[in-house]
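Chains as they are written, first to last, in the working numbering: chain A, 1 to 226; chain B, 1001 to 1256; chain C, 2001 to 2216.
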């Protein structure tokens, strides 16, 4: 038990710092993802030809390439074009855009699941397209998307882990530094694994609680990702 | 009768959670007999059939298949089921296989027949139910009546000593019922021992050797069709059959 | 002119890495497939102990980032066996994928109508035979769409093994970037190649889905 305390004292503070960064990344990425993903989904369902094509291109590119490659392009590649981002900015933006593409597909699924009958009924009572989307379609779609979106939110905690490869000092980043310092990679990464399990458990509990609070009878939809 | 009956059920009990579905059923089925079980829905008729081939384990009571007590511990249940054929209300055909494959899979994988032998026998059984030209079609391509006939062929392929039918026509559109009942009648004429749960009164009256009336988990009365339909002993039997016959009788009259 | 020549060389060098990427993906997916089917069968048909172990495996591994799993397994494997980074990386990715695939297969097995098992037992098949000849074949066909999803994910996650030194596409891109000091083109080219791979894989799996659709 003594060894444990020594160990915790050694690595605790750094890991805690790393954990906080990971959580920041998670929250920013998720929010950015909604800000980009929802409009992209709307563009895909309701947009004109070119708007739709743009949305599809964005979604396909970000879903069709590895997150790591996107990070490298953002951090190492963009300076070539004159855009220099700090590690953090690169991480936030890339994670956000990446998540946005996946979220766009979930939103699209939910919007389409609401059913065209709702739109027809809304137009029939004189609403404009935008009003129908805002007051009838979206409220239902947002409830339908909840399970899939929770999955994404919970998984986001894990997805942020790769940013340590562009030297962002998140949980994994700190672990790597500590492993280098104390020559105990297996212990470090196992500890980190435990922390991630804890974080995922908390995130799961959080999302389930939110889901239960927002339950509406008759509006359920299941989509699988990680 | 010097030979043992094909099926002997003694004092069977089965409960689900708190309700007792089968409350002490006993009866016997002789070789080549066609026995029809009738009664209101939900009175344990399907459960009874599933107990007979041990898809459901009875809580109490004994069942003999010919001279073997199949409810005894350490019985090889899979082997027993080879001798009992079952036809389900929902057909339950194997969706990823053609009609012929549905019939032969039991032959090759369970009875370990050679595939050429199995194929020949399979075609023969499909011929028997009138579907040899559908041998290479998939269940999704068949009508309900055709599916059920393939299901019958599948059960026959195992050379069963007794065939159990669990409301075989209840899930069928009316115009498809006839083709299945026709096959069942043919089987009866060929001498197959059959135990049938059904609402088809015409079949019960014309084809069965004995009718068992079950209600609330008991056998209320049993006897040959002439007696049960026209001169039953109990008021309850008379009421049920009269109601049903009236319903179906009107239908039959219309058809004539 | 020299620029175009360099571009061509770059592509050829990167595309050579494609084979490595595909190798990693193939090994990972097949390992994961075996693990996944086994775990799924345990979870649906196993006794209490098997069910719990399988469920725990799935839950724990899926709660940890793939890169962490790869790291841990790489170091653990390295302690006991002398495997190339290619093999240990692929196996690690496979073990992680197995947990996700087990969820796919479990869902598919549970979607097979219960009457199928009843009918199989009714003609005298043992449980094992019924699972093998009736349930699993149908479950596998049902699992093609979600499995395709997982396959695409593994293809993209194969880029993670670059960290342990496997010379797949990303690592080569990094090398090129360091040599030519033109990271945007290097990583951009890598992105293009990955995109083509995912695109082709999706098409191939769509075809598979069409071919083996089970109509109920």
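Even for Gly, the Cβ is constructed at its ideal location relative to N, Cα and C.
Looking at the DSSP output, residue 1222/B bridges to 1212/B.
If you look at residue 1138/B, you'll find it isn't in any beta strand (DSSP E); DSSP assigns it neither H nor E. For residue 1163/B, the enclosing beta strand (DSSP E) covers residues 1162–1166. Cβ-Cβ separation between residue 2066/C and residue 2160/C: approximately 6 angstroms, consistent with a contact (criterion under 8 angstroms).
The continuous alpha helix (DSSP H) containing residue 2194/C extends over residues 2183–2211.
Judged by their CB atoms, residue 1209/B and residue 1049/B are not nearer to each other than the 7 angstroms cut-off.
Looking at the DSSP output, residue 1063/B sits in a beta bridge with 1009/B.
Taking the beta carbon of residue 2057/C as reference, no residue of chain B falls within 7 angstroms; the closest one sits roughly 29 angstroms away.
Rounded to whole angstroms, the Cβ separation of residue 1185/B and residue 1207/B is 5 angstroms, and the two are in contact under 8 angstroms. Within a 10 Å sphere around the beta-carbon of residue 2150/C sit 16 or more other beta-carbons, which makes this residue buried. Among the residues of chain A, those whose CB is under 9 angstroms from the CB of residue 2195/C are 60, 61, 64 and 65, following chain order.
The three-state reading of DSSP puts residue 31/A in helix, counting H, G and I together. Near chain A, meaning a CB-to-CB distance below 7 angstroms, no residue of the stretch 2108–2140 of chain C qualifies. Counting the other CB atoms within 10 Å of its CB gives residue 1085/B a total of 16 or more, which places it among the buried residues. Under the DSSP definition of a beta bridge, residue 1015/B partners with 1020/B.
Note that the C-beta distance between residue 2044/C and residue 2109/C is below 7 angstroms.
For residue 55/A, no Cβ of chain C is located within less than 7 angstroms of the residue's own Cβ. For the stretch 1119–1150 of chain B, the residues whose beta carbon sits under 9 angstroms from a beta carbon of chain C are, in order, 1138, 1139, 1140 and 1141. If you ignore the 5 residues before and after residue 2053/C, its C-beta comes within less than 8 angstroms of the C-beta of 2042, all in its own chain and listed in chain order.
Close partners of residue 1158/B in chain C (Cβ separation under 7 angstroms): 2123 and 2124. Here the alpha carbons of residue 1192/B and residue 1046/B stand approximately 20 angstroms from one another.
In this structure the stretch 2114–2121 of chain C does not lie against the stretch 1229–1244 of chain B, because fewer than three pairs of beta carbons, one per stretch, are closer than 8 angstroms. The CB of residue 1094/B comes closer than 9 angstroms to the CB of 2116, 2119, 2120, 2133, 2134, 2137 and 2138 in chain C, given here in chain order. By the criterion of a C-beta distance shorter than 6 angstroms, residue 2100/C is surrounded in its chain by 2150, once the five residues flanking it on both sides are discounted. Around the beta carbon of residue 1006/B, 16 or more other beta carbons sit within 10 angstroms, so the residue counts as buried. Under the three-state reduction of DSSP output, residue 202/A falls in the helix class. Look at the beta carbons and you see the stretch 1143–1158 of chain B touching the stretch 1168–1184 of chain B: at least three pairs across the two are nearer than 8 angstroms. Within the stretch 10–34 of chain A, no residue has its Cβ closer than 7 angstroms to any Cβ of chain C. Annotated as distal: residue 2158/C and residue 2104/C, with beta-carbon spacing of 7 angstroms or more. Excluding the 5 residues flanking it on each side, residue 2039/C has same chain C-beta neighbours closer than 6 angstroms at 2054 and 2102, in chain order. Beta-carbon to beta-carbon, residue 2190/C and residue 2173/C are separated by about 4 angstroms, close enough to satisfy the 8 angstroms threshold. Take residue 2148/C, set aside five residues on each side of it, and the residues of its chain with a beta-carbon closer than 6 angstroms to its own are 2205, in chain order. Here the stretch 2087–2096 of chain C lies against the stretch 2021–2030 of chain C, with 3 or more beta-carbon pairs under 8 angstroms apart. Residues of the same chain with a CB within less than 8 angstroms of the CB of residue 68/A, apart from the 5 flanking positions on each side, are 162 and 165 in chain order.
The straight-line gap separating the alpha-carbon atoms of residue 194/A and residue 2082/C is approximately 27 angstroms.
Annotation: Cβ neighbours of residue 1086/B in chain C (cutoff 7 angstroms, chain order): 2122.
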